[in-house]
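Protein chains in written order, with this note's numbering: chain W, 2 to 461; chain P, 2 to 461.
Structure first, commentary second.
There are 2 protein chains.
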Amino acid sequence: MSERLVVIGADAAGMSAASQARRRRGPDDLEIVAFDAGGYSSYSACGIPYYVSGVVADLDALIARDPATFARDFTIDVRLRHEVLAIDLDKTAVLVRDLEGSSERWERFDQLMVATGAIPVRPPLPGVDADGIHGVQTLDDGVALRSAIEADRPSRAVIVGGGYIGLEMAEAFCALGIDTHLVEAGPQPMSTLDPDMGALVAHTLREFGTTLHLDQRVTGFDTVDGHVVAVVTDAGALPAELVVLGLGARPNVALAQTAGIPIGPSGAINVDRRQRTVIEPVWSAGDCAEKIHRVSGQRVAIALGTHANKQGRVAGINLGGDYATFPGVVGTAATKVCALEVARTGLGEDEAAAAGFATETVVVESTTRAGYYPDAAPITTKLIVERHSGRLLGAQIVGREGAAKRIDVLALALWNEMTVAELVNVDLSYAPPYAPTWDPVLIAARKAWQRVEATRAGSR
Amino acid sequence: MSERLVVIGADAAGMSAASQARRRRGPDDLEIVAFDAGGYSSYSACGIPYYVSGVVADLDALIARDPATFARDFTIDVRLRHEVLAIDLDKTAVLVRDLEGSSERWERFDQLMVATGAIPVRPPLPGVDADGIHGVQTLDDGVALRSAIEADRPSRAVIVGGGYIGLEMAEAFCALGIDTHLVEAGPQPMSTLDPDMGALVAHTLREFGTTLHLDQRVTGFDTVDGHVVAVVTDAGALPAELVVLGLGARPNVALAQTAGIPIGPSGAINVDRRQRTVIEPVWSAGDCAEKIHRVSGQRVAIALGTHANKQGRVAGINLGGDYATFPGVVGTAATKVCALEVARTGLGEDEAAAAGFATETVVVESTTRAGYYPDAAPITTKLIVERHSGRLLGAQIVGREGAAKRIDVLALALWNEMTVAELVNVDLSYAPPYAPTWDPVLIAARKAWQRVEATRAGSR
Numbered sequence: 002m003s004e005r006l007v008v009i010g011a012d013a014a015g016m017s018a019a020s021q022a023r024r025r026r027g028p029d030d031l032e033i034v035a036f037d038a039g040g041y042s043s044y045s046a047c048g049i050p051y052y053v054s055g056v057v058a059d060l061d062a063l064i065a066r067d068p069a070t071f072a073r074d075f076t077i078d079v080r081l082r083h084e085v086l087a088i089d090l091d092k093t094a095v096l097v098r099d100l101e102g103s104s105e106r107w108e109r110f111d112q113l114m115v116a117t118g119a120i121p122v123r124p125p126l127p128g129v130d131a132d133g134i135h136g137v138q139t140l141d142d143g144v145a146l147r148s149a150i151e152a153d154r155p156s157r158a159v160i161v162g163g164g165y166i167g168l169e170m171a172e173a174f175c176a177l178g179i180d181t182h183l184v185e186a187g188p189q190p191m192s193t194l195d196p197d198m199g200a201l202v203a204h205t206l207r208e209f210g211t212t213l214h215l216d217q218r219v220t221g222f223d224t225v226d227g228h229v230v231a232v233v234t235d236a237g238a239l240p241a242e243l244v245v246l247g248l249g250a251r252p253n254v255a256l257a258q259t260a261g262i263p264i265g266p267s268g269a270i271n272v273d274r275r276q277r278t279v280i281e282p283v284w285s286a287g288d289c290a291e292k293i294h295r296v297s298g299q300r301v302a303i304a305l306g307t308h309a310n311k312q313g314r315v316a317g318i319n320l321g322g323d324y325a326t327f328p329g330v331v332g333t334a335a336t337k338v339c340a341l342e343v344a345r346t347g348l349g350e351d352e353a354a355a356a357g358f359a360t361e362t363v364v365v366e367s368t369t370r371a372g373y374y375p376d377a378a379p380i381t382t383k384l385i386v387e388r389h390s391g392r393l394l395g396a397q398i399v400g401r402e403g404a405a406k407r408i409d410v411l412a413l414a415l416w417n418e419m420t421v422a423e424l425v426n427v428d429l430s431y432a433p434p435y436a437p438t439w440d441p442v443l444i445a446a447r448k449a450w451q452r453v454e455a456t457r458a459g460s461r
Numbered sequence: 002m003s004e005r006l007v008v009i010g011a012d013a014a015g016m017s018a019a020s021q022a023r024r025r026r027g028p029d030d031l032e033i034v035a036f037d038a039g040g041y042s043s044y045s046a047c048g049i050p051y052y053v054s055g056v057v058a059d060l061d062a063l064i065a066r067d068p069a070t071f072a073r074d075f076t077i078d079v080r081l082r083h084e085v086l087a088i089d090l091d092k093t094a095v096l097v098r099d100l101e102g103s104s105e106r107w108e109r110f111d112q113l114m115v116a117t118g119a120i121p122v123r124p125p126l127p128g129v130d131a132d133g134i135h136g137v138q139t140l141d142d143g144v145a146l147r148s149a150i151e152a153d154r155p156s157r158a159v160i161v162g163g164g165y166i167g168l169e170m171a172e173a174f175c176a177l178g179i180d181t182h183l184v185e186a187g188p189q190p191m192s193t194l195d196p197d198m199g200a201l202v203a204h205t206l207r208e209f210g211t212t213l214h215l216d217q218r219v220t221g222f223d224t225v226d227g228h229v230v231a232v233v234t235d236a237g238a239l240p241a242e243l244v245v246l247g248l249g250a251r252p253n254v255a256l257a258q259t260a261g262i263p264i265g266p267s268g269a270i271n272v273d274r275r276q277r278t279v280i281e282p283v284w285s286a287g288d289c290a291e292k293i294h295r296v297s298g299q300r301v302a303i304a305l306g307t308h309a310n311k312q313g314r315v316a317g318i319n320l321g322g323d324y325a326t327f328p329g330v331v332g333t334a335a336t337k338v339c340a341l342e343v344a345r346t347g348l349g350e351d352e353a354a355a356a357g358f359a360t361e362t363v364v365v366e367s368t369t370r371a372g373y374y375p376d377a378a379p380i381t382t383k384l385i386v387e388r389h390s391g392r393l394l395g396a397q398i399v400g401r402e403g404a405a406k407r408i409d410v411l412a413l414a415l416w417n418e419m420t421v422a423e424l425v426n427v428d429l430s431y432a433p434p435y436a437p438t439w440d441p442v443l444i445a446a447r448k449a450w451q452r453v454e455a456t457r458a459g460s461r
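Here it is, written out as structure tokens:
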């Protein structure tokens with residue numbers, strides 16, 4: 002009799018794992034069934050803001066593979082609108098409710114892949130469940146939001162939270178001509194950047210038409226007839242016809258936790274290098290699973306599709322009988338805010354301090370192309386390096402076209418634990434349309450190394 | 002009495018060295034004088050094609066620092082139109098001719114920096130010295146070429162050589178409405194790419210209006226009244242009102258060689274890690290100096306401004322009494338050919354074989370952005386990896402906007418001797434405007450690793 006792999010969550014991590022397992026083990030050897038409470042499989046959550054704004058016109062474009070494709074090409078049984086209610090490790094079965102028919106049944110497994118993803122943070126504030134308050138986590142959320150905009154044509158929206166989703170939604174709303182307000186508890190939007198770099202983002206957001214309400218905490222929502230009419234903060238009330246919550250997401254681990262699958266200090270499911278939990282037949286990958294941060298050495302919860310794909314792939318290779326390990330992350334992320342490209346990797350100043358590092362920082366202004374070449378655009382690069390050793394610990398980039406992808410060089414430098422002294426001489430590509438003879442990354446490395454040497458000299 | 006540093010060549014390498022030395026040693030401690038036969042200091046040779054095409058309108062834009070600036074800000078005495086005719090190591094002096102006044106005199110040195118750069122390959126073919134045949138090496142060449150185009154308004158031009166300069170000039174001439182022909186001895190233009198990748202460049206050149214004459218060798222030039230009228234190849238004569246020679250450049254080492262400064266097998270001046278020649282007070286950096294290729298392990302001659310800057314900086318730090326070493330290159334280069342972005346790093350297939358590596362190769366088609374995001378552009382990535390180990394040996398990228406700079410990630414992977422198995426999981430930035438969830442680089446690494454594993458399995 003064949004083994005049976007049950008996958009909870011039919012998105013990036015779950016379906017990468019399922020596909021990789023299938024490539025290595027045929028249907029006679031391994032039956033694969035995936036359950037998902039939502040209405041879509043394998044979609045790009047990161048594309049949702051662009052669907053809401055209309056930059057991406059067609060919903061189907063965001064769906065990499067639908068259940069029919071999985072059935073036909075992979076012999077994988079994907080059941081959408083099927084919610085897993087419980088995991089019973091003793092009888093190695095999950096309790097599944099068909100959300101259409103409302104029936105419930107136990108489905109047995111030999112191997113279990115927990116890919117339950119993340120759930121948006123939704124603080125228990127007065128009025129938070131009112132109509133007109135949207136999350137942007139699932140594709141169903143995106144569909145609901147775009148429908149609401151098309152139906153109600155709101156003239157004024159408030160976004161709560163200045164993270165990636167919040168800023169991408171702010172851009173989308175401004176582009177749609179909506180009077181857009183953004184409330185952020187911190188001193189600058191995008192708290193994943195240091196405040197000096199976040200200030201550059203704030204400037205661009207304001208230029209594009211977003212009104213920022215910084216250093217304000219949301220205390221509740223005013224409603225009329227069950228519909229939101231204002232976001233209330235510790236500084237007053239902001240009228241709103243539409244509200245988007247962009248307060249981040251946390252690992253969706255309730256099912257696993259209830260079943261007794263260990264959760265790590267990060268709040269995500271504890272996994273080993275091969276994506277195994279400590280419970281023998283249970284695996285986990287994606288937003289619900291821990292990652293090792295290679296710079297801080299800590300286990301972290303980071304919700305990002307690219308990690309989900311990679312961890313899912315590793316789990317699937319192992320489920321398929323081969324061998325693979327996931328080496329961890331360095332905290333790379335990028336986004337586009339209006340015409341501004343924003344990227345970061347490694348640790349910010351506060352994160353580096355929290356990890357125990359003493360640091361030096363430099364901020365360097367340069368251009369994305371040779372200064373004399375048309376469309377040479379400004380780029381600001383910040384490096385955080387370890388004092389004395391000059392080891393790179395983190396980097397942040399804010400600039401115009403051609404800026405963001407340069408973070409990858411710094412991510413690879415972090416990956417290999419390089420010092421800025423070594424990075425200075427690295428053989429990066431140079432041609433006037435792409436870079437000055439000293440790439441902005443290298444200029445920053447030079448300045449950082451000068452700073453390190455000055456500190457060394459000063460402490461002699 | 003202060004030491005005296007004489008610099009031969011007032012461009013990237015020489016002036017980087019001079020500036021770094023000056024930062025560490027004041028004018029009372031170190032006198033610095035630089036001689037250059039040309040009429041400009043510290044200019045961007047890579048910018049010349051864009052000056053010829055008019056994309057860069059103003060010559061001054063290509064000059065980073067002129068002699069007045071060096072005198073004022075650095076107390077460095079830069080003498081242009083001064084040609085060094087000989088180096089006498091016994092009397093530690095150089096013989097200098099003032100090309101304006103035609104006077105000659107000996108100038109003593111305590112330290113000598115040889116930064117004589119490269120000279121264009123100019124085969125001794127019949128007619129090669131005719132009017133209308135231009136090199137594109139120095140800024141003086143660029144000025145002469147643009148003047149000739151503006152004065153003569155040529156309707157038909159032939160470019161000899163399909164390397165970087167040849168292709169950039171082809172683009173410039175097509176943009177100016179000139180009927181442009183390019184002769185190349187190899188099967189495809191851009192022989193620094195493997196032929197399969199070069200074919201993609203050929204396609205774009207033809208689309209843009211360049212007529213390619215491939216697999217043809219130039220045997221001479223027809224002239225009338227001392228002016229070129231045709232380029233003669235082994236396949237016939239190509240009429241030409243203007244000819245550009247783009248046959249590459251070789252290290253300009255005649256002065257050094259005559260003086261007895263050792264030249265390496267690469268044809269460039271042999272230097273140690275600190276840019277010292279084996280002759281005690283003589284240093285060298287830039288196009289005339291050897292570089293260690295970190296992948297092949299060979300010493301190579303590569304003419305590129307970014308290396309010249311880096312080697313010059315290292316020499317200058319050492320001349321200034323501090324300590325720095327140049328760690329070598331991995332062969333990274335990039336160019337823009339019409340709308341096509343082209344980049345390479347490491348070894349090509351033939352180079353890898355010549356270095357003794359057994360290889361696997363993969364070529365992968367992908368997009369520069371998420372497939373559903375506007376302006377997602379095609380990108381073709383080729384990886385050359387070591388058989389069995391999967392160590393990355395080289396990479397080539399041809400694509401549209403956003404393609405070329407991705408080579409830097411692969412350059413850094415080479416730098417750190419990474420395998421494609423490790424590269425697969427590297428934490429590169431992801432956001433729909435910048436990349437698919439699997440970046441093209443990572444997709445290529447995945448495929449390459451599959452290929453390596455298949456070969457391993459097959460050889461068991």
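Ideal Cβ positions, reconstructed from N, Cα and C, are used throughout, including at glycine.
In this text, all values refer to a predicted model and were calculated from it rather than measured experimentally.
Query - Minimum C-alpha distance to W/R25 - residue among W/R452, W/G322, W/M170 and W/L248 - result: W/G322
Report task. Within its chain, find whatever has a CB closer than 6 Å to the CB of P/E185; leave out the 5 residues flanking it on each side and keep chain order. Result -> G163 and L215
Query raised in the report: Between P/P379 and the rest of its own chain, which residues show a CB-CB distance below 7 Å, the 5 nearest in sequence each way excluded?
Result: E366, T368, G400 and R401
Requested in this report: Excluding the 5 residues preceding and the 5 following P/E105 in the sequence, name in chain order all residues of the same chain whose CB lies nearer than 8 Å to its CB.
Outcome: L86, L96, V97, R98 and D99
**Report entry** Beta-carbon proximity check, W/G268 vs W/P252, cutoff 7 Å
**Finding:** yes
Report task. Report the residue from W/A46, W/Y41 and W/T93 whose alpha carbon sits nearest the alpha carbon of W/F71. Result -> W/Y41
**Report entry** Candidates P/D111, P/I179 and P/D67: closest to P/V8 by CA position
**Finding:** P/D111
Requested in this report: Helix, strand or coil for P/S43, going by three-state DSSP, please let me know.
Outcome: coil
**Report entry** Counterpart residues of P/F36 in DSSP-defined beta bridges
**Finding:** P/I9 and P/R80
Report task. Mind listing, in chain order, the continuous beta strand (DSSP E) runs of no fewer than 3 residues lying wholly within the region 151-185 of chain P? Result -> 157-161 and 180-184
Report task. Can you check the region 325-353 of chain W for any beta strand (DSSP E) of at least 3 residues that lies completely inside it and give the ranges in chain order? Result -> 334-338 and 341-347
Query raised in the report: Can you name the start and end residues of the alpha helix (DSSP H) that P/W439 belongs to?
Result: Premise fails: P/W439 is in no alpha helix (DSSP H) and is neither H nor E.
Query - Cα-Cα separation, P/D226 to P/V115 - result: 40 Å
Query raised in the report: For P/A119, does the three-state DSSP call read helix, strand or coil?
Result: strand
**Report entry** Per DSSP, cross-strand counterpart(s) of W/R452
**Finding:** W/R452 pairs with nothing; no bridge assigned.
Query raised in the report: Under a CB-based cut-off of 7 Å, is W/V53 close to chain P?
Result: no
Query raised in the report: Are the C-beta of P/D428 and some C-beta of chain W separated by less than 7 Å?
Result: yes
Query raised in the report: What whole-angstrom Cβ distance do P/H182 and P/L239 have, given they're in contact under 8 Å?
Result: 6 Å
Query - Cutoff 7 Å: P/L394 Cβ touching any chain W Cβ - result: no
**Report entry** First through last residue of the beta strand (DSSP E) which encompasses W/H228
**Finding:** H228 to T234
Report task. Would you mind stating whether P/T193 and P/Q217 have Cβ atoms separated by less than 7 Å? Result -> no
Query raised in the report: Is the beta carbon of P/L243 less than 7 Å from the beta carbon of P/A145?
Result: no
Query raised in the report: Can you tell me whether P/P437 is buried or exposed, with buried defined as 16 or more other CB within 10 angstroms of its CB?
Result: buried
Requested in this report: Note down the Cα distance separating P/L31 from P/V79, rounded to an integer number of angstroms.
Outcome: 15 Å
Query raised in the report: Secondary structure at W/P50, three-state DSSP: helix, strand or coil?
Result: helix
Query raised in the report: Can you name the residues of chain C whose CB is closer than 9 Å to the CB of P/P375?
Result: Within the model displayed, chain C is absent; protein chains W and P are what it includes.
Query raised in the report: With 16 other CB atoms within 10 Å as the buried threshold, where does W/H135 fall?
Result: buried
Requested in this report: Using a Cβ-Cβ cut-off of less than 8 Å, list which residues of the region 377-411 of chain P approach chain W; keep chain order.
Outcome: G403, A405, K406, R407, I408, D409 and V410
Query raised in the report: Of the choices W/G167, W/I318, W/H204 and W/A200, whose alpha-carbon is the least far from that of W/V245?
Result: W/G167
Query raised in the report: Using a Cβ cut-off of 7 Å, which residues of the region 60-83 of chain P contact any Cβ in chain W, in chain order?
Result: A62 and L63
Requested in this report: Buried or exposed for P/K337, please, with buried defined as at least 16 other CB atoms from any protein chain shown within 10 angstroms of its CB.
Outcome: buried
Query raised in the report: Given that P/L348 touches chain W, what residues does it touch there, using C-beta distances under 7 Å?
Result: Here the premise fails: no neighbours, minimum Cβ distance about 13 Å.
Query raised in the report: Any Cβ of chain W within less than 7 Å of the Cβ of P/K448?
Result: no
Query raised in the report: When the Cα atoms are used, what is the spatial distance from W/F222 to W/V230?
Result: 8 Å
Report task. Count the other CB atoms, across all protein chains shown, that sit within 10 Å of the CB of P/W107; report buried if there are 16 or more and exposed otherwise. Result -> exposed
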